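S.K.: Numbering (UniProt numbering), first residue to last: 1 to 309.
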């Protein structure tokens, strides 16, 4: 696995980009239905080859259907359900669910502002009940203020063509959804994130105040790893995100950035479990969440000058 020594990444269960899949990505309802189709096939004792033969397709088509990597085809789903011996009444109910699951997610209108690879996990985040994030050098996106996010995008616009306003609007929509759904967020960031001046002094003063408020918010946990702290399990790790959905059919997901800036996404239990252990250990090594944000003389001085303007 790139960026995480000692953790091996299998090829299977890693979410990959697929040109035929809608750019905005599958909804959780789509993922749940795909997982159920795989379970029904296994219970019926049918192989991938059996299902593919019934559809008149290659086995890879069935794999993609069961991994939610292709658009839902109601006719194919009905064929598979009949092959698996599902009762007619249950078939009708499942097809109704499939029709609902095929609708585009709320984020579809923001697809131009999505980072490369984000379509693979935005649906999971949108239905998550618990999100954990680690960022060594920047404030995690779920805690960024609009002006901090805008300044960061102006500095590092990425390969997309979306405007700064579009990127910020998408971020605010994500943050608003997390608040409205009462999603628990636990963020661990390196103290370097408080030293890196993004934008100007006013932007940083506003961002630091937002972090102070987040510390006091129910459902928000913020920890800062001091610069003087000894090495910890995430010392060499890139930004990391763990997503948990309250649906038994969907495993926890891990998202991290590779050195090239691409996002890697997986729901492989062995990988997600190993990363969770590392994040747990890093959080245990950091000052507890009740600790006040570090006092940065240089940055506090900038904030003071900004307040005097």
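Glycine residues also receive a C-beta, built at the ideal position from the N, C-alpha and C atoms. Please read all numbers here as calculations on a predicted model, not as lab measurements.
1) Give the range of the alpha helix (DSSP H) segment to which residue 77 is assigned.
2) Comparing alpha-carbon positions, which option in 283, 31 and 111 lies nearest residue 163?
3) Out of 244, 150 and 239, which one is the CA nearest neighbour of residue 259?
4) Assess contact between the region 90-101 and the region 134-154, defined as three or more Cβ pairs (one per stretch) separated by less than 8 Å. Is contact present?
5) In this structure, how does DSSP classify residue 261 when only helix, strand and coil are distinguished?
6) Along the chain, which unbroken stretches of the alpha helix (DSSP H) at least 4 residues long are found entirely within the region 78-129?
7) Who does residue 245 pair with in a DSSP beta bridge?
8) So, with DSSP's three-state summary, where would you put residue 194?
9) Using a threshold of 8 Å, state whether the C-beta atoms of residue 116 and residue 263 are closer than that.
10) Within a Cβ cutoff of 7 Å, which residues of the same chain sit near residue 290, ignoring the five residues on either side of it in sequence?
11) If residue 271 sits next to residue 129, beta carbons under 8 Å apart, how far is it from one beta carbon to the other, in whole angstroms?
12) Who does residue 65 pair with in a DSSP beta bridge?
13) Out of 231, 154 and 183, which has the shortest C-alpha to C-alpha gap to residue 200?
M.R.: Reading from the atomic positions:
1) Where residue 77 is concerned, the enclosing alpha helix (DSSP H) stretches over 74-83.
2) 111
3) Looking at 244, 150 and 239, the one whose alpha-carbon comes closest to that of residue 259 is 239.
4) no
5) coil
6) 88-101 and 122-127, all fully within the region 78-129.
7) BP columns for residue 245 are empty, so no partner.
8) helix
9) yes
10) Excluding positions up to five away in sequence, the list is empty.
11) Actually they are not in contact, since the Cβ atoms of residue 271 and residue 129 sit about 20 Å apart, beyond 8 Å.
12) Bridge partners of residue 65: none, in fact.
13) Scanning 231, 154 and 183 for the CA closest to the CA of residue 200 turns up 154.
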